[in-house]
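Participant:
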Amino acid sequence: MKVLVLGSGVIGVSTAYYLARSGHEVEVCDRQPGPALETSFGNAGEVSPGYSAPWAGPGVPLKAIKWMLMTHSPLVIWPLLDPAMWRWGAMMLANCTERAYALNKSRMVPIAEYSRDCLKALRAETGIAYDDRAQGTLQLFRTQAQMDGIAKDVEVLQQYKVPFEVLDREGFVKVEPALRLTQEKFVGALRLPGDETGDCFLFTKRLAEMAQQLGVRFHYGTEILGLEKEGQRISGVRTAGGTKRADRYVMAMGSFSPLLLKPLGIDVPVYPVKGYSITVPITDAACAPESTIMDETHKVAVTRLGDRIRVGGTAELAGYSNALRPARRSTLEHVVTDLFPRGGDVSKASFWCGLRPMTPDGTPIVGPTPIDNLMLATGHGTLGWTMAAGTGRIIADLVSGREPEIDTAGLSMARYRKAWRGPQPSLAPGVPA
Ligand SMILES: Cc1cc2nc3c(=O)[nH]c(=O)nc-3n(C[C@H](O)[C@H](O)[C@H](O)COP(=O)(O)OP(=O)(O)OC[C@H]3O[C@@H](n4cnc5c(N)ncnc54)[C@H](O)[C@@H]3O)c2cc1C
1198 MKVLVLGSGV IGVSTAYYLA RSGHEVEVCD RQPGPALETS FGNAGEVSPG
1248 YSAPWAGPGV PLKAIKWMLM THSPLVIWPL LDPAMWRWGA MMLANCTERA
1298 YALNKSRMVP IAEYSRDCLK ALRAETGIAY DDRAQGTLQL FRTQAQMDGI
1348 AKDVEVLQQY KVPFEVLDRE GFVKVEPALR LTQEKFVGAL RLPGDETGDC
1398 FLFTKRLAEM AQQLGVRFHY GTEILGLEKE GQRISGVRTA GGTKRADRYV
1448 MAMGSFSPLL LKPLGIDVPV YPVKGYSITV PITDAACAPE STIMDETHKV
1498 AVTRLGDRIR VGGTAELAGY SNALRPARRS TLEHVVTDLF PRGGDVSKAS
1548 FWCGLRPMTP DGTPIVGPTP IDNLMLATGH GTLGWTMAAG TGRIIADLVS
1598 GREPEIDTAG LSMARYRKAW RGPQPSLAPG VPA
């Protein structure tokens, strides 16, 4: 079967790779000159099934107000005149109940764990390397109140049988020795030893090369303009390089997916939630992190990627703006120097931002649509790197007519049918640069 994958981020490339391994003829279109040059380029590097949870949860609306008032705030909302943003926000608020949280988490954890296992298998089969480490993640708490607040998280970890360790100062310094210099700032930590880390860009680039060797044809520098529908089928994809046709199509354009789905009558609540990262060259490896440390106060993740430290965070609702805001950089610099003052040289850091394709319920949209030959692989939000390999496997199974290895019923767009009939995101939201 001929399959056209739209988008060459980590989701599109993983999908193309597994489709090719299933024996399909695969082509991929992307506007960028290579793979993973948008949101999959500079993320925080965590492959974290342990932290796979929706942002929307009980108590979050109150916390959000507190976060917005902080100096180094993890949440920024631009008061845009973008009805899609407010509608998406209202749906997110509706998901802040105990019941919705439990349901959404029950959909996210299986695909995240499955994906981590697919990634392990892929490493074993192909030897793919991407500055990867399998040393877990550490959530650091600055106050006793934060530490006391983990009881609920621990309950959920136990429920999902996720291995964890609650650590005192001595315990967290043992796994992250560089924290010996700053340990007094923290009261304790929660460690998830099953989580992994790695450079998502490097992974996607190398996987795209492997996919190419399996026969996948990549059309880079190719803007996708629209999808053509005849009856209940897609008949072609209009691109800057002419119309491309296939038997099946997979939409994997991240935050931009809803813009091309809307004219087909498909409304999916995926909204861009901007995040930032800096990548800092390591100057003293003994004073740098071993794996990922999440500073719970600032919601910033600090990850070792080879000879670099990746520092990522911030949720900014700013439409599709790609402006790099100096205030966000200063937050990231503040956190990394506060934790690892001698680890790296922030004056030589590169600064980046990306648009997380977020759904209001945190769960990605993976599976069929009302259009017979169109599948969705989008809406992975904060966890696209974590869920990529599993998403690719699921789509390859569905396209091949095989039963996926995990239950995918709650992952398809069917869960929104009644809820989302509202306006779609606009491309010109009027955020000042
Ligand atoms: C600061 C930050 C930190 C993060 N940290 C983590 C983390 O630690 N762990 C984790 O699991 N996830 C993390 N994420 C989330 C993760 O990066 C994303 O979920 C993931 O990259 C989404 O991948 P994607 O392939 O869906 O989208 P993208 O990577 O954006 O790919 C979409 C592709 O579609 C192409 N495209 C779009 N429109 C068009 C068009 N019209 N024509 C042609 N091509 C088009 C784009 O060029 C792009 O290549 C983080 C995100 C951010 C911003």
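Under the numbering used here, the first residue of the sequence shown carries the number 1198, and numbering increases by one thereafter.
Glycine is no exception: its CB is placed at the ideal position from the N, C-alpha and C atoms.
Using DSSP with H/G/I as helix, E/B as strand and the rest coil, what is Val1413?
Facilitator: On the sequence shown, position 216 is the one that residue 1413 refers to. Val1413: coil per DSSP, three-state reduction.
Participant: Alpha carbon to alpha carbon, what distance is there between Tyr1468 and Pro1620?
Facilitator: Position 423 of the sequence shown, counting from 1, holds the residue named residue 1620. Position 271 of the sequence shown, counting from 1, holds the residue named residue 1468. A caution first: Pro1620 carries a pLDDT of 47, below 50, which makes its placement in the model too unreliable to give a value.
Participant: So is Ile1262 buried or exposed if we call it buried at 16+ other beta carbons inside 10 Å?
Facilitator: Against the sequence shown, residue 1262 aligns to sequence position 65. Classification of Ile1262: exposed, given that the 10 Å Cβ count is below 16.
Participant: Please state if the CB of Gly1587 and the CB of Tyr1311 are separated by a distance shorter than 7 angstroms.
Facilitator: Looking up residue 1311 in the sequence shown gives position 114. Looking up residue 1587 in the sequence shown gives position 390. Contact: yes.
Participant: At the level of alpha carbons, what is the spacing between Ser1597 and Thr1605?
Facilitator: What you label residue 1597 is simply residue 400 of the sequence shown in a count that begins at 1. What you label residue 1605 is simply residue 408 of the sequence shown in a count that begins at 1. When rounded, the distance between both Cα atoms is 15 angstroms.
Participant: Starting from the C-beta of Thr1401, find all residues in its chain whose C-beta is less than 6 angstroms away, skip the five residues before and the five after it, and write them out in chain order.
Facilitator: Counting from 1 along the sequence shown, the entry for residue 1401 is found at position 204. Excluding sequence neighbours, Thr1401 sits near Val1207, Val1210, Pro1232, Ala1233 and Ser1237.
Participant: Looking at Ala1520 and ligand 1, is the gap between the Cβ and the nearest heavy atom below 6 angstroms?
Facilitator: By one-based count along the sequence shown, residue 1520 stands at place 323. Every heavy atom of ligand 1 is 6 angstroms or more from the Cβ of Ala1520, so no.
Participant: Do Leu1552 and Lys1496 come within 7 angstroms of each other at the CB atom, strictly closer than that value?
Facilitator: In the sequence shown, counting from the first residue as 1, residue 1496 sits at position 299. In the sequence shown, counting from the first residue as 1, residue 1552 sits at position 355. Their beta carbons are not under 7 angstroms apart, which means Lys1496 does not touch Leu1552 by this criterion.
Participant: Whether or not the region 1420-1437 and the region 1219-1232 are in contact is what I'm after, with contact meaning three or more pairs of Cβ atoms, one per stretch, closer than 8 angstroms; do they touch?
Facilitator: Yes: at least three Cβ pairs fall under 8 angstroms.
Participant: Is Glu1493 a contact residue of ligand 1, with contact defined as CB to any heavy atom under 6 angstroms?
Facilitator: Within the sequence shown, residue 1493 is the residue found at index 296, counting from 1. Incorrect: Glu1493 has no Cβ contact closer than 6 angstroms to ligand 1.
Participant: Contact defined as beta carbons within less than 8 angstroms: I believe Thr1379 pairs with Pro1538. What is the distance between those atoms, to the nearest angstrom?
Facilitator: Position 182 of the sequence shown, counted from the start, is the residue given in the question as residue 1379. Position 341 of the sequence shown, counted from the start, is the residue given in the question as residue 1538. With 8 angstroms as the limit, Thr1379 and Pro1538 qualify as a contact, their Cβ atoms being about 7 angstroms apart.
Participant: Taking contact to mean at least 3 C-beta pairs separated by less than 8 angstroms, is the region 1555-1570 in contact with the region 1528-1547?
Facilitator: No: the two stretches stay apart, fewer than three of their Cβ pairs being nearer than 8 angstroms.
Participant: Measure the C-alpha to C-alpha separation of Val1200 and Leu1354 and round it to an integer number of angstroms.
Facilitator: Start at 1 with the first residue of the sequence shown, and residue 1200 comes out as number 3. Start at 1 with the first residue of the sequence shown, and residue 1354 comes out as number 157. Roughly 38 angstroms between the two C-alpha positions.
Participant: Is there a Cβ from chain B that is less than 7 angstroms from the Cβ of Ala1585?
Facilitator: Looking at the structure shown, chain B is missing, and only one protein chain is on hand.
Participant: Which two residues bound the contiguous alpha helix (DSSP H) that contains Ile1635?
Facilitator: Nothing can be reported for residue 1635, as the shown portion of the chain is limited to 1198 through 1630.
Participant: From Thr1534 to Arg1414, what distance separates their C-alpha atoms?
Facilitator: Taking the sequence shown and counting its residues from 1, one reaches residue 1534 at position 337. Taking the sequence shown and counting its residues from 1, one reaches residue 1414 at position 217. So the two alpha carbons sit approximately 43 angstroms from each other.
Participant: With a threshold of 16 other CB atoms inside 10 Å of the CB of Lys1545, please say whether the residue is buried or exposed.
Facilitator: In the sequence shown, residue 1545 corresponds to position 348, counting from 1. By the neighbour-count rule (16 or more Cβ atoms within 10 Å), Lys1545 is not buried but exposed.
Participant: Nearest-angstrom Cα distance between Asn1292 and Gly1412?
Facilitator: Mapped onto the sequence shown, residue 1292 falls at position 95. Mapped onto the sequence shown, residue 1412 falls at position 215. If you take the alpha carbons of Asn1292 and Gly1412, they lie about 42 angstroms apart.
Participant: Might you give, ordered along the chain, the residues of its own chain that have their beta carbon closer than 7 angstroms to the beta carbon of Pro1557, omitting 5 neighbours on each side?
Facilitator: Taking the sequence shown and counting its residues from 1, the one referred to as residue 1557 is at position 360. The answer, listed in chain order, is Ala1253, Trp1285, Met1288, Met1289, Asn1292 and Pro1466.
Participant: Rounded to the nearest angstrom, what separates Val1202 and Gly1509 at their Cα positions?
Facilitator: Taking the first residue of the sequence shown as position 1, residue 1202 is located at position 5. Taking the first residue of the sequence shown as position 1, residue 1509 is located at position 312. Whole-angstrom Cα-Cα distance: 28 angstroms.
Participant: If we ignore side chains and look at the alpha-carbon of each, how far apart do Ala1616 and Gly1439 end up?
Facilitator: If you number the sequence shown from 1, residue 1616 lands on position 419. If you number the sequence shown from 1, residue 1439 lands on position 242. For Ala1616, the predicted model reports a pLDDT of 49, less than 50, meaning its position is unreliable and no value from the coordinates is stated.
Participant: Could you name the residues of the same chain whose beta carbon sits closer than 6 angstroms to that of Leu1624, not counting the 5 residues immediately before and after it, in chain order?
Facilitator: Looking up residue 1624 in the sequence shown gives position 427. Confidence in Leu1624 is poor, its pLDDT being 40 and thus under 50, which makes the residue's placement unreliable; the coordinate value appears in the next sentence. Excluding sequence neighbours, Leu1624 sits near Tyr1517.
Participant: Can you tell me which of the three DSSP states Phe1548 falls into?
Facilitator: The count along the sequence shown starts at 1 and reaches residue 1548 at position 351. In this structure, Phe1548 counts as strand in the three-state DSSP scheme.
Participant: Return yes when the C-beta of Gln1229 is under 6 angstroms from any heavy atom of ligand 1, and no when it is not.
Facilitator: Translated into positions along the sequence shown, residue 1229 becomes position 32. Yes, the Cβ of Gln1229 comes within 6 angstroms of a heavy atom of ligand 1.
Participant: Three-state secondary structure (DSSP) at Ala1485?
Facilitator: For the purposes of this step, residue 1485 is identified with residue 288 of the sequence shown, where counting begins at 1. Looking at Ala1485 - three-state DSSP - the assignment turns out to be coil, as it is neither helix nor strand.
Participant: For Leu1387, which residues from the same chain have a beta carbon less than 8 angstroms from its beta carbon, with the 5 sequence-adjacent residues on both sides left out?
Facilitator: Position 190 of the sequence shown holds residue 1387. Cβ neighbours of Leu1387 beyond the five flanking positions: Leu1335, Gln1336, Phe1338, Ile1347, Asp1350, Val1351, Phe1361, Glu1362, Val1363 and Leu1364.
Participant: Flag Thr1236 as yes when its Cβ comes closer than 6 angstroms to any non-hydrogen atom of ligand 1, and as no otherwise.
Facilitator: Taking the first residue of the sequence shown as position 1, residue 1236 is located at position 39. Flag set: Cβ of Thr1236 near ligand 1.
Participant: Which residue spans inside the region 1528-1603 form an unbroken beta strand (DSSP E) run of at least 3?
Facilitator: Fully enclosed beta strand (DSSP E) runs of 3 or longer: 1547-1555, 1562-1565 and 1571-1575.
Participant: To the nearest angstrom, how far is the alpha carbon of Pro1629 from that of Trp1283?
Facilitator: By 1-based counting over the sequence shown, the position of residue 1629 is 432. By 1-based counting over the sequence shown, the position of residue 1283 is 86. Bear in mind that the predicted position of Pro1629 carries a pLDDT of just 32, short of 50, making it unreliable; the figure below should be weighed with that in mind. C-alpha separation (whole angstroms): 18 angstroms.
Participant: Could you check which residue in Ser1205, Met1198 and Arg1218 has the C-alpha nearest to that of Ile1590?
Facilitator: If you number the sequence shown from 1, residue 1590 lands on position 393. Position check: residue 1590 holds Arg in this sequence, whereas Ile was assumed. Taking only the C-alpha atoms, the option nearest Arg1590 is Arg1218.
Participant: Closest to Leu1536 by C-alpha separation, out of Ala1485, Trp1549 and Met1555, would be which residue?
Facilitator: The residue labelled residue 1536 in the question sits at position 339 within the sequence shown. Nearest option by C-alpha distance: Ala1485.
Participant: Among residues of its own chain, excluding the 5 on either side of Lys1426, which ones have a beta-carbon nearer than 6 angstroms to its beta-carbon?
Facilitator: Here residue 1426 corresponds to residue number 229 of the sequence shown, with the count starting at 1. Taken in chain order, the residues that qualify are Leu1461.
Participant: Among Asp1328, Pro1523 and Trp1549, which residue has its Cα nearest to the Cα of Glu1487?
Facilitator: Taking the sequence shown and counting its residues from 1, the one referred to as residue 1487 is at position 290. Taking only the C-alpha atoms, the option nearest Glu1487 is Asp1328.
Participant: Roughly how many whole angstroms lie between the Cα atoms of Asp1481 and Gly1324?
Facilitator: Locating residue 1481 in the sequence shown gives position 284, counting from the first residue. Locating residue 1324 in the sequence shown gives position 127, counting from the first residue. For Asp1481 and Gly1324, the distance between alpha carbons rounds to 28 angstroms.
Participant: Quick one: does the C-beta of Leu1608 sit closer than 6 angstroms to a heavy atom of ligand 2?
Facilitator: Questions concerning ligand 2 fall outside what the structure shown contains, since the ligands it does hold are ligand 1.
Participant: I believe Gln1429 touches Ile1568 by the beta-carbon criterion, under 8 angstroms. Please report the beta-carbon distance rounded to the nearest angstrom.
Facilitator: Taking the first residue of the sequence shown as position 1, residue 1429 is located at position 232. Taking the first residue of the sequence shown as position 1, residue 1568 is located at position 371. The pair is a contact, with the Cβ atoms about 6 angstroms apart (cut-off 8 angstroms).
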